[in-house]
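**Student:**
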Amino acid sequence: MTAPTSAVSHASLDRAQVREIIARRVARELKDGDFVNLGIGLPTEVPQYLPDGVQVVLESENGIVYAGSCTTEHISPYVVDAGGQPASCLVGGAFIDSATSFGLIRGGHMDATVLGALQVDAAGNLASWIIPGKLMPGMGGAMDLVVGAKRVVVAMEHTQKGSPKILAACTLPLTAVACVDLIVTEMAVIRVTPSGLLLTEINPAFTVDEVRSATGAELAVAELVVPML
Amino acid sequence: MTAPTSAVSHASLDRAQVREIIARRVARELKDGDFVNLGIGLPTEVPQYLPDGVQVVLESENGIVYAGSCTTEHISPYVVDAGGQPASCLVGGAFIDSATSFGLIRGGHMDATVLGALQVDAAGNLASWIIPGKLMPGMGGAMDLVVGAKRVVVAMEHTQKGSPKILAACTLPLTAVACVDLIVTEMAVIRVTPSGLLLTEINPAFTVDEVRSATGAELAVAELVVPML
Amino acid sequence: MSTATVTGSKVVSMAEAVSRVQPGMTVMIGGFMGCGNPHGLVEALCVAGLTDLTLIATDTSRAGFGIAKLVEQRRLRKLYASHVGLNPAVAAQLNAGELEVELVPQGTLAERIRAGGAGLGGVLTPTGLGTPVADGKPVIEVDGRRFLLEKPLRADVALIAGSTIDRLGNVWYRGTTRNFNTVMATAADLVIAEAEHLVEVGAIAPENVVTPGVLVDLIVEGDELA
Amino acid sequence: MSTATVTGSKVVSMAEAVSRVQPGMTVMIGGFMGCGNPHGLVEALCVAGLTDLTLIATDTSRAGFGIAKLVEQRRLRKLYASHVGLNPAVAAQLNAGELEVELVPQGTLAERIRAGGAGLGGVLTPTGLGTPVADGKPVIEVDGRRFLLEKPLRADVALIAGSTIDRLGNVWYRGTTRNFNTVMATAADLVIAEAEHLVEVGAIAPENVVTPGVLVDLIVEGDELA
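Chains as they are written, first to last, in this note's numbering: chain A, 1 to 229; chain B, 1001 to 1229; chain C, 2001 to 2226; chain D, 3001 to 3226.
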């Protein structure tokens, strides 16, 4: 295992650093040509960290194939992203309707989806859409995305106010069963395997024990744990 | 009942006359604005007999809304009708794909479909696509059309080489169950009612008894039978 | 319930169009977070003061804007939507027992409406299995895989928006405005389309028509967006 | 099985494209009675001499022409189609026990392929109830109405045709050429599109793209039709 390149402690990571660590690592999961849907928030920061020579086709589930960002001077009332924010369609893209869009999503045409989570558990179950009595935004397109995409990557902070979000079993209502392939946090990269969670990469700022104590599920450790940065 | 205007006998009707009688009468079933699919053959002759002020929107199930005919100088390799023959799309029409087309058909958007038949029976069952061991063209779009259209009109010669095509029960494999609303032949107009077949109009060249003897099913006679011509 | 003919005109005033919506009806409204919503028709519906409506829409917009007002003005008895997070009135009325809400995954919502418009008996989807969405719904096994049976959705009236609409009702959509408008145009007894640009017949090439005019019963003229 | 990248090229020779089809594979071919068929790919498939194929196509063309030759040259083990009446070789081989034929209503065929491409578990349709099409298939009751459960169809390879295709695979279809090409482009592991006109990226407005380029893996250049 490579020595830590910087000796940041968890407490010293500010929010922006946490987001960058996660987005930068997720970017390495994507291959040139991948057709990808990125959830609202942190996942939208992934494309800026794509390696040279890697270009992905972004989908916005409300109807853009090859979605792009939007500069102030190009704001149009006709093009929004899945968050309802101004967006664009890159040259070579297409506008599609919602039935067609979710046909692509549900039909296994999406190479990957990256999204946030409230909880993920050892079986790869995902909870991301409701906290009964508190928060009821609705599931939007998330349930279709995690069922349909070939690869589901959860990109989230490892804990929520110190409480583990990775659990032995989700306690919140599920978004889908056994759908998560990979969990990327600011502390570690964890694969969901048939026998449970496997730590394969770690942020050199943390020890395995620190990751374990921030995780609410059994965490097997790969023979070779490499730095995630 | 109005007296016969001409005293033609069945034998004296040539094929063209038979087709014109049927197509002319079917045309009166269509209302201005109706969205209609016409089967191959005789039904395609219906539009030329539409009354003044009545214009219908023709569908061709391979992908034309507001289909038109085709003159020699407009033959294009890009536009065919459901028989694979050169066709056109009128100004104000649209080209659609097969899933969309049959969505319109199955979804009850078609006001009427007019098609030929091998057999129709007293329950409104239709047989039109196969004679086992002899003829296996396939059902094409017929099964969807007769299930989906709001009104199914069978336009056919009353008999096939002297044998009744209107039967107590179809003997050939069905196209659909209880789907036919109206039967128009060169002899008569017959409605399919919950209690069986009802003769409502007659070609003045024939007597009710002649129609009955050319029909292989019980045929009730309306209180007022009017001439179909 | 189509009132249109080939020779007659489908173009009516906003007031006449909205007069076709009655209390207690089920109404679909196209659009996604304000984009592709029939803004003029929604506003006219608010003004009309109808109550007891069932609304089918993918979202309820953001507070104070567009569709959100139908919730805020308590016009709804029941709501089908995939996302209601930006309109706090939904949760408030739900918790107070004043509004029935069925949250539907966005892809399932699109497909249920499409099934309603295409004469299909339902949708067999893996989406929602093992979640609260599956509660009370049949699970059908096909070749060893399990699918939820989701029922078709239809409405009495669909209100859709189009960027360019010709006088026969053919619709072309700019940008992401098509979203749910296309499926909703197939799944209601009466379809009212709001045209940003109303054009003469023939202005849209038949290859580029997205919603065929036969699906549109009435057309109203809306405001230009840009 | 997509081989495409954003930065690489999808355009290949006819021979290279057809070399991706192997004996025993299931192949979908778009088009309707010669219109919108990928004529060059079909011809190349005939020349390649593959056997034991399963073909999914709405018709088998007319004797001696296009797809008909795949039947006449005995390349097929099984055929799914809605209409085979103009190709006598189908009935002959069926009666001789040399070809398995499943006749599928045209609307059901389109919807089964769409389901295969959209991740749906099947199609619930009233079409075919009470006919030989229903033999051996489950009937599902939804709200008191009965529907046939028809299974999704997918293929190893789909051969489609487009009038204008850009180098990313976005397709625009002229006239009635789209027919089954659109659904087939969604329902195969490998999608090969034959372009009548191959154009640069950007030539088709994103609003007028019918088949998005992400669905197309390989592109070949075909002949102009007119």
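The beta carbon of each residue, even a glycine, is placed where N, CA and C say it ideally should be.
Which whole runs of the beta strand (DSSP E) in the stretch 3004-3092 of chain D are 3 residues long or more, in chain order?
**Tutor:** Segments of the beta strand (DSSP E) lying fully in the stretch 3004-3092 of chain D: 3026-3029, 3053-3056, 3076-3081.
**Student:** In whole angstroms, what is the alpha-carbon distance linking glycine 133 of chain A and alanine 127 of chain A?
**Tutor:** So the two alpha carbons sit approximately 15 Å from each other.
**Student:** Would you say valine 3199 of chain D faces chain B, with C-beta separation under 8 Å as the test?
**Tutor:** Cβ-Cβ to chain B under 8 Å: no for valine 3199 of chain D.
**Student:** Between the beta-carbon of glycine 3245 of chain D and the beta-carbon of glycine 107 of chain A, is there less than 8 Å?
**Tutor:** Because chain D in this structure spans residues 3001 to 3226, residue 3245 of chain D falls outside the shown range and cannot be described.
**Student:** Classify aspartate 2189 of chain C as helix, strand or coil using the three-state DSSP reduction.
**Tutor:** In this structure, aspartate 2189 of chain C counts as strand in the three-state DSSP scheme.
**Student:** Would you say valine 2210 of chain C and isoleucine 2192 of chain C are within 8 Å of each other, going by their C-beta atoms?
**Tutor:** Going by C-beta atoms, valine 2210 of chain C is not nearer than 8 Å to isoleucine 2192 of chain C.
**Student:** Going by other Cβ atoms of all chains shown within 10 Å of its Cβ, with 16 needed for buried, is valine 1184 of chain B buried or exposed?
**Tutor:** Buried, by the Cβ-count rule.
**Student:** Three Cβ pairs or more, each shorter than 8 Å: is that satisfied between the stretch 3196-3211 of chain D and the stretch 3163-3171 of chain D?
**Tutor:** The stretch 3196-3211 of chain D vs the stretch 3163-3171 of chain D: in contact.
**Student:** Please state whether DSSP places isoleucine 2160 of chain C in a helix, a strand or coil.
**Tutor:** Isoleucine 2160 of chain C: strand per DSSP, three-state reduction.
**Student:** Compare the Cα-Cα distances from valine 2123 of chain C to each of C:Asn2095, C:Ile2113, C:Asp2143 and report the closest residue.
**Tutor:** Per the Cα distances, C:Ile2113.
**Student:** Out of D:Arg3146, D:Leu3120, D:Thr3125, which has the shortest C-alpha to C-alpha gap to glutamate 2141 of chain C?
**Tutor:** Per the Cα distances, D:Leu3120.
**Student:** How many Å lie between isoleucine 1105 of chain B and proline 1051 of chain B at the Cα?
**Tutor:** Their backbone Cα atoms lie some 25 Å apart in a straight line.
**Student:** Give a yes or no on whether the C-beta atoms belonging to methionine 233 of chain A and valine 2133 of chain C are separated by under 8 Å.
**Tutor:** In the structure displayed, chain A extends from 1 to 229; residue 233 of chain A sits before or after that span and is not available.
**Student:** Spell out whether any CB of chain D is found under 8 Å from the CB atom of alanine 188 of chain A.
**Tutor:** Chain D, which has no Cβ nearer than 8 Å to the Cβ of alanine 188 of chain A, makes this no.
**Student:** Roughly how many angstroms separate the alpha carbons of tyrosine 2080 of chain C and aspartate 3052 of chain D, rounded to a whole number?
**Tutor:** C-alpha separation (whole angstroms): 49 Å.
**Student:** Could you check whether tyrosine 1066 of chain B and glycine 1092 of chain B sit closer than 8 Å to each other, using their CB atoms as the reference points?
**Tutor:** Yes, they are a contact pair.
**Student:** At which residue ranges does the stretch 62-133 of chain A contain complete alpha helix (DSSP H) runs of 4 or more residues, listed in the order of the chain?
**Tutor:** Here the runs fully enclosed are 98-106.
**Student:** So, under 8 Å CB-CB, leucine 3218 of chain D and lysine 3010 of chain D are touching, yes? Tell me the CB distance rounded to an integer number of Å.
**Tutor:** That pair is a contact at about 6 Å.
**Student:** Against chain D, with Cβ distances strictly below 8 Å, would threonine 2060 of chain C count as a contact?
**Tutor:** No, no contact with chain D.
**Student:** Taking Cβ positions only, does leucine 3129 of chain D come closer than 8 Å to chain C?
**Tutor:** Not an interface residue.
**Student:** So that I know if they touch, is there some Cβ in chain F lying closer than 8 Å to that of histidine 74 of chain A?
**Tutor:** In the structure shown, chain F does not exist; the protein chains are A, B, C and D.
**Student:** Whose C-alpha, out of D:Ala3015, D:Ala3044, D:Gly3040, is nearest the C-alpha of glutamate 2963 of chain D?
**Tutor:** With chain D represented from 3001 up to 3226, any question about residue 2963 of chain D goes unanswered, as that position is not in the structure.
**Student:** Does the Cβ of alanine 3187 of chain D have 16 or more other Cβ atoms within 10 Å, making it buried, or fewer, making it exposed?
**Tutor:** Buried, since its Cβ has 16 or more Cβ neighbours within 10 Å.
**Student:** For arginine 2178 of chain C, which residues of its own chain have a beta-carbon under 7 Å away from its beta-carbon, when the five flanking residues on both sides are left out?
**Tutor:** Counting only Cβ-Cβ distances below 7 Å, and skipping sequence neighbours, we find Gly2036, Val2210.
**Student:** Count the other CB atoms within 10 Å of the CB of glutamine 2106 of chain C; is the residue buried (16 or more) or exposed (fewer)?
**Tutor:** Burial call: buried.
**Student:** Counting only beta-carbon separations shorter than 8 Å, does alanine 2118 of chain C have a partner in chain B?
**Tutor:** Closer than 8 Å: yes.
**Student:** Return the CA-CA distance between valine 1177 of chain B and lysine 1150 of chain B, expressed in angstroms with no decimal places.
**Tutor:** So the two alpha carbons sit approximately 15 Å from each other.
**Student:** Measure from the C-beta of glutamate 3207 of chain D to each C-beta in chain A and report whether the shortest distance is under 8 Å.
**Tutor:** Interface residue, yes.
**Student:** Mind checking who isoleucine 40 of chain A pairs with in its DSSP beta bridge?
**Tutor:** In DSSP, isoleucine 40 of chain A forms no bridge with anything.
**Student:** How many angstroms separate the CA atom of leucine 1135 of chain B from the CA atom of leucine 2070 of chain C?
**Tutor:** Distance between the alpha carbons of leucine 1135 of chain B and leucine 2070 of chain C: 59 Å.
**Student:** Tell me, please, whether the CB atom of lysine 2151 of chain C is closer than 8 Å to any CB atom in chain D?
**Tutor:** Yes, contact with chain D.
**Student:** Less than 8 Å between the beta carbons of alanine 188 of chain A and methionine 228 of chain A, yes or no?
**Tutor:** For alanine 188 of chain A and methionine 228 of chain A, yes; Cβs fall inside 8 Å.
**Student:** Whole angstroms is fine: what's the gap from leucine 1174 of chain B's alpha carbon to glycine 3136 of chain D's?
**Tutor:** Their Cα atoms are separated by approximately 16 Å.
**Student:** Assuming arginine 1191 of chain B is part of the alpha helix (DSSP H), what are its boundary residues?
**Tutor:** No alpha helix (DSSP H) holds arginine 1191 of chain B; the beta strand (DSSP E) holding it covers 1188-1193.
**Student:** Check glutamate 1210 of chain B in the structure and name its three-state DSSP category.
**Tutor:** Three-state DSSP puts glutamate 1210 of chain B in a helix.
**Student:** So what does DSSP say about glycine 3213 of chain D, is it helix, strand or coil?
**Tutor:** Looking at glycine 3213 of chain D - three-state DSSP - the assignment turns out to be helix.
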